[in-house]
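Since the structure comes first, as structure tokens, the remarks are kept for the end.
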Amino acid sequence: MYAFTYLRPGSVRGASKALATKENAKLLAGGQTLLPTMKQRLASPDHIVDLSQIDDLKNIEQKGRRIVIGAMATHASVASSALVRDNIPALAALAGGIGDPAVRHRGTIGGSVANNDPAADYPAAVLALGATIHTNKRKIAADEFFAGLFTTALEEDEVITKITFPMPSRAAYQKFRNPASRYALVGVFVAKRGRDIRVTVTGAGSNGVFRWSAAEAALSKRFSVKSLEGLSISASGLNGDIHASPEYRAHLIAVMTARAVAAA
Amino acid sequence: MTKTGIGASVKRKEDQRFITGNGQYTDDVSRPGHVHAYFLRSPHAHAVIRRLDIAAAKGAPGVLGVFTGDDLAADKIGGLICGWMIHSKDGSAMKAGAHPALAQGKVRYVGDHVAVVIAETLAEARDGAEKIIVDYEVLPAVIDTAGAQAAKTQLHDVAPRNTVFEWAIGDKAATEAAFGAAHHVTKIDLVNNRLVPNAMEPRAAIGEYDPGQGAYTLWTTSQNPHVARLVLSAFIGIAPENKLRVIAPDVGGGFGSKIFIYAEETVAVWASKKVGRPVKWVSDRTEAFLSDAHGRDHVTHAELAMDAKGKILGLRVKTIANLGAYLSTFSSSVPTYLYATLLSGQYDIPAIYAEVDAVYTNTAPVDAYRGAGRPEATFVVERIIETAARQMGLDPADLRKRNFVRKFPHQTPVIMMYDAGDYRASLDKAMEIADVKGFGKRKREAARRGRLRGLGYSTYIEACGIAPSQAVGSLGAGVGLWESAEVRVNPTGSVEVLTGSHAHGQGHETTFAQLVSERLGVPMESINIVHGDTDKVQFGMGTYGSRSGAVGMSAIVKALDKVEAKAKKVAAHLLEASEADIDFKDGKFTVKGTDKSVAFADVALNAYVAHKFPTSEIEPGLKEGAFYDPTNFTFPAGCHICEVEIDPETGVTEIANYTAVDDFGVLINPMIVEGQVHGGIAQGIGQALTEGAVYDASGQLLTASYMDYCMPRADNLPSFKLGFTETRCPSNPLGIKGCGEAGAIAAPAAVMNAMTDALGTEAVTMPATPQAVWKVAQSQQKLAAAE
Amino acid sequence: MAQTPKIAVAMTVNGQDVSARLEARTLLVQYLREGLRLTGTHVGCDTSQCGACVVHVDGKAVKSCTILASQCEGAQVMTIEGLAHGDKLHPMQEAFREHHGLQCGFCTPGMIMTAVDIAQRLGTPDEHTIREELEGNICRCTGYHNIVKAIDAGCQEMAKGQHRQAAE
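If you read the sequences in order, they're chains A, B and C. Position one of the first sequence corresponds to residue 3 (our numbering), numbered consecutively onward. Position one of the second sequence corresponds to residue 15 (our numbering), numbered consecutively onward. Position one of the third sequence corresponds to residue -9 (our numbering), numbered consecutively onward.
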């Protein structure tokens, strides 16, 4: 790891200010992606801005038909939250399947969403559930938030504070893990909210999380596994590596989508 | 059997320190003022170093020294060696390319050592290394095992066609004749995938120079510290043996990878004098992937000749073995004498002929990894016999039974003389435990759930307890393969056993103590097993090839015999009886036919006090040493049965059942033996389903961390079903055969026979990852649709 | 490259208050091993996957190779060295010995710390759950067979201990 200066602001405002004024500054949330990257010297921030002492970022609460999750809520706390489990069980299950138990104790929803790793799980849920990302400056709809590999709509000094999830009537997440890393090789989140049906895919797209519109259209007619029969997705634009070719990923997207619909 | 004697599942003595965090691994050793080494490694698989500029690195903060191959050469430090000479069919010696510890003008694999930076902290050493300027002229890389000999690029000037040797074993003419008379010939092409050993403790070393003594100490992660000292002294030239102490403290797993003498410990110990401070190097995991010796990597074509009744007439095999960029310490022995000598399997095969070409490629060196040659042999034999059974419409278990060796001793056509075994017994027992009879029902039930279920056998044999020194010498070994022991009885009756067998997870502190406790009647807690320090322990050969029981413990038995003989003499004087009338049992010396007795501890005290016997006849003291040289290999064997279930939709495989019945001869501690089997099976299943080192065409290792190299996790594996049969090993005093490698040897064939059974085609390669299985399942479905 | 000023860090490790001035880039595992000489916590990989470094921070299992020492300001840290009460082993340590849940011992401290965390969160999970919960801990020696047995037994013992405490 390269040397850096460590800052631990007590407020979101302080964090934002540090981002704006310090050279090459980076936010540290749970650190479960950032620190391994820095250890391998693949990232070299000059300033690390640790968000852990900002208490009001960890709350999970219900507001009407929405669940509001603080950016610094850990995967473990989302997975075990009664509010989330009762109202959006698919989201709790997704959080409970990220990484391993030790990673879930540190990793946060805000960190995961801000990083937008193409193999991360949360982006699939945020996009499928039509969530809203709140920052210190504004609210961003999920559809406007994810902008490609490791890229989001966030500005330099913008800090995610919370994410608001509307409650779906039906939802499920199905993940096919990379056998080695255990990250999502293909993850499919299916959500139904009123007439809005969304099918999002993570792990597979060479441009990060995306919606599978053909599946959404098919399920809009009737929300059942049968509606997906014969439906396939093109392999072009999908990732290929030693674990899975684009063709295999395309196949798995269809399989995981069907399984998610069955489970929802 | 006593509560702690041979055959008892005694809880391990060593566990106390490990479960409380008090183990002492090399990286836990802290020397006053120690500094840190970081190796700058080649990012290219094959390149000429045009310029190497270390000036800026030398001036970086905290840096104490930057050294290159030129500095080693200036100090006349020799290259790394390969200690087993193999001769080609034409009689020529193998072509060993120079293997400098730090590159001299050329690098030959990604991870090859270019320079070392020594600094106050590891971070500073790494920062400093980034300031080294290297101008590489990148050369084409040779990666493919099967294509290495035809490649236009040559790695070493001494090795045309990148060929280390072209070796053969067996009777070619007799084998040709057998094929001429065959009713049926089965042909098979196999790839034995390259593996990375992955002991959980990465390699590490601390070198320290004592100017007062003019002597070095090296703490290192070694399975054989004496061999390390010998090589570092006699061949590499660090210091004479009496000026170099090698300590291998607690070692966190080895599996072969810590047998070898590597560049890093060589440089660390040498540099400690250069910088005047102890130098510590600890591998990180990616360095381990790049630079630990890998295992396996064979490409094989095999043919089996059968008569009409399913009797095997002959076997011929052609293997290309990839040895990587340089010859590692024992690399040449692995695809030759540790491989082709086991190609007879458990079967009575009249004629065998095998050719092995060993090749250089721009990849990490390949050497012994758990099983070393024997897993590759078992994979060939067990895959081809299973395939033959399917082709001939015979039951695979029946075909095996028809061909088992039944009379012992049995001379195979490939050197080995099997001494004892009962292969039918282990097969029958395994079939019973695995409930082979119920398999059809389970398969149908799985099919109803859309799953493909398959069952596969592996009736393996291995040669362990290596090895008779004269015999291996005649085959090219540079060392003898005996083992040593010294039993020191203290005046108070407690015992220290100094053994050349190193332990890195095998539980010697417990099993060796069980032997001593049973023989001398001394309680377990009064026995200490000492190993891993060349200043404490007499020369020994170390632990590998499942030899610590069969060879290491036999040496202890010899020393115990001497201790008992001498103690009897002392006891005879104490009891005022003739030595011939003294019996020794349960820790007591008694005079035959009387109630006169003296305890072992009292005899020990008297041996040291030396008041009651004439020291002109009997020397004071009670301490004896022995060197034991085996008279034959040992031949553990058994039957493993694997049952898999495949989800054809995703390609995911589940090990539904795994049964292992092994004949290891006499078991000292069944609990520990079972643990060894479990671990070996996991590694074998890993090879079959999850693990494989993958280089791209340019020689970059794509599987250089756990992000891409798939280690078996707890949820990849079932609980295993184990059983044992026993035929005593006739060639050593305890009747034991060795158990450390059996699982890794048997499992790949058992799993792949199950996979090919489930998928209905032999065209499944290791590792059978979900993607690979899905592809096969797809083409099988297309085939079925077409029919 | 930035300057490397040292920062003050204070925490409680195995019940003892400790403090130090460290480079900001110091990981918790480095501070434990090199600063406090608590070498029972091991490092087996660079990618936060092997679990040899697992310790408890504020009662939860975390990978000490993936957390800065400075992030543990004011935290309660427990390592393998702090698990036993004097000479009395923790039931999970006892279970690992009883069931031969270790061979070379290198992954063992992380395994045991993870196992205690499993028991604290899940009580007495079944074999399937135990295997899934071990996703972040790699062992090369045991094939996990006896680790799973040991954790099962350790969880049962810990649950009994809680019942005993509750009854008292």
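Even for Gly, the Cβ is constructed at its ideal location relative to N, Cα and C.
Would you mind reading off the limits of the alpha helix (DSSP H) that contains residue 96 of chain A?
Its alpha helix (DSSP H) spans residues 91 to 97.
Specify the secondary structure class of residue 759 of chain B as computed by DSSP and reduced to three states.
Reduced to three states, the DSSP call for residue 759 of chain B is helix.
Can we say the segment 487 to 502 of chain B touches the segment 236 to 250 of chain A, given the rule of at least three CB pairs closer than 8 angstroms?
Taking 8 angstroms as the limit for Cβ pairs, the verdict is that the segment 236 to 250 of chain A does not touch the segment 487 to 502 of chain B.
What does the Cβ neighbour count give for residue 2 of chain A, buried or exposed, with the cut at 16 atoms within 10 Å?
Because chain A is modelled from 3 through 266, residue 2 of chain A falls outside the range shown and cannot be assessed.
Is it true that the CB of residue 292 of chain B sits closer than 7 angstroms to the CB of residue 45 of chain B?
In contact: residue 45 of chain B and residue 292 of chain B (Cβ atoms closer than 7 angstroms).
If you draw a straight line from the C-alpha of residue 214 of chain B to the C-alpha of residue 575 of chain B, how long is it?
For residue 214 of chain B and residue 575 of chain B, the distance between alpha carbons rounds to 38 angstroms.
Given that a residue counts as buried once 16 or more other Cβ atoms are within 10 Å of its Cβ, and exposed if not, what is residue 135 of chain C?
Around the beta-carbon of residue 135 of chain C, 16 or more other beta-carbon atoms lie within 10 Å, marking it buried.
Counterpart residues of residue 66 of chain C in DSSP-defined beta bridges:
Residue 66 of chain C has C:2 as its beta-bridge partners, per DSSP.
When DSSP labels each residue in this structure, what does residue 168 of chain A get in the three-state scheme?
Strand at residue 168 of chain A.
Residue 59 of chain C lies in the beta strand (DSSP E); which residues open and close that run?
Where residue 59 of chain C is concerned, there is no enclosing beta strand (DSSP E), given that its DSSP letter is neither H nor E.
The segment 741 to 751 of chain B touching the segment 371 to 378 of chain B, judged by at least three CB pairs closer than 8 angstroms
No, they do not touch.
Which of helix, strand or coil does DSSP assign to residue 422 of chain B?
Correct three-state label for residue 422 of chain B: coil.
How is the alpha helix (DSSP H) around residue 223 of chain A delimited, first residue to last?
For residue 223 of chain A, the enclosing alpha helix (DSSP H) starts and ends at 215 to 223.
Spatial distance of residue 229 of chain B from residue 220 of chain B (CA atoms)
Taking the straight line from one Cα to the other gives about 14 angstroms.
From the beta carbon of residue 105 of chain A, is the nearest beta carbon of chain B less than 7 angstroms away?
In terms of beta-carbon proximity, residue 105 of chain A stays away from the interface with chain B, with every pair separated by 7 angstroms or more.
If you measure from the beta carbon of residue 780 of chain B to each beta carbon in chain D, is any gap under 7 angstroms?
In the displayed structure, chain D is absent; the protein chains listed are A, B and C.
For residue 52 of chain A, count neighbouring Cβ atoms within 10 angstroms of its own Cβ and tell me buried if that reaches 16, exposed if not.
Counting every other CB atom within 10 Å of its CB across the protein chains shown gives residue 52 of chain A a total of 16 or more, marking it as buried.
So residue 236 of chain B packs on residue 281 of chain B, CB below 8 angstroms; how close in whole Å?
About 15 angstroms separates the Cβ atoms of residue 236 of chain B and residue 281 of chain B, ruling out a contact at the 8 angstroms cut-off.
Below-7 angstroms beta-carbon distance, residue 25 of chain B vs any chain C residue
At least one CB atom of chain C sits nearer than 7 angstroms to the CB of residue 25 of chain B.
Ranges of the beta strand (DSSP E) found wholly within the segment 306 to 353 of chain B, counting only runs of at least 3:
List check, beta strand (DSSP E) in window: 312 to 320, 326 to 336.
Nearest chain B C-beta to residue 22 of chain C closer than 7 angstroms, yes or no?
For residue 22 of chain C, the closest Cβ of chain B is not nearer than 7 angstroms.
Using a C-beta cutoff of 7 angstroms, does residue 37 of chain A count as contacting chain C?
At least one chain C Cβ lies under 7 angstroms of residue 37 of chain A.
With a CB to CB cut of under 7 angstroms and the five nearest residues on each side skipped, what residues in its chain are close to residue 768 of chain B?
Hits under 7 angstroms: 468, 469, 470, 656, 657, 658.
Through-space distance from residue 263 of chain B to residue 39 of chain B, alpha-carbon basis:
Each residue's Cα considered, the two are about 6 angstroms apart.
Cβ shell of residue 153 of chain C (< 6 angstroms), same chain only, five flanking positions each side left out
If you ignore the 5 residues before and after residue 153 of chain C, its C-beta comes within less than 6 angstroms of no other C-beta in its own chain.
Residues of chain B with CB under 7 angstroms from residue 146 of chain C, in chain order?
Around residue 146 of chain C, no beta-carbon contact reaches into chain B at under 7 angstroms, the shortest distance being about 17 angstroms.
Taking all protein chains shown into account, do 16 or more other C-beta atoms lie within 10 angstroms of the C-beta of residue 53 of chain C, making it buried, or fewer, making it exposed?
Buried: at least 16 other Cβ atoms inside 10 Å.
Hey, quick one: how far does the alpha helix (DSSP H) through residue 614 of chain B stretch, first residue to last?
It spans 614 to 623 - the alpha helix (DSSP H) in which residue 614 of chain B sits, taken as one unbroken run.
Just to confirm the assignment, what range does the beta strand (DSSP E) spanning residue 146 of chain C have?
Taken as a continuous stretch (DSSP letters only), residue 146 of chain C belongs to no beta strand (DSSP E), being part of the alpha helix (DSSP H) at 135 to 157.
Measure from the alpha carbon of residue 79 of chain A to the alpha carbon of each residue in C:106, C:26, C:50, then state which is nearest.
Closest in alpha carbon position to residue 79 of chain A, among C:106, C:26, C:50, is C:50.
Report the residues of the segment 12 to 42 of chain C with a CB closer than 8 angstroms to any CB of chain A, ordered along the chain.
Per Cβ criterion, the list reads 13, 14, 15, 17, 36, 37, 38, 39, 41.
Do you know how far the Cα of residue 726 of chain B is from the Cα of residue 46 of chain C?
Answer to the nearest angstrom: the Cα atoms are 25 angstroms apart.
Which residues, taken in chain order from the segment 98 to 127 of chain A, show a beta carbon closer than 8 angstroms to some beta carbon of chain C?
So the close ones are 101, 102, 103, 104, 105, 107, 108.
Between residue 118 of chain B and the ligand SAH, is the CB less than 6 angstroms from at least one heavy atom?
Among the components of this structure there are no ligands whatsoever, and the ligand SAH is therefore not found.
Terminal residues of the continuous alpha helix (DSSP H) containing residue 192 of chain B?
It spans 186 to 194 - the alpha helix (DSSP H) in which residue 192 of chain B sits, taken as one unbroken run.
From the DSSP secondary-structure annotation, give me the bridge partner or partners of residue 19 of chain B.
Paired residues: none, contrary to the question.
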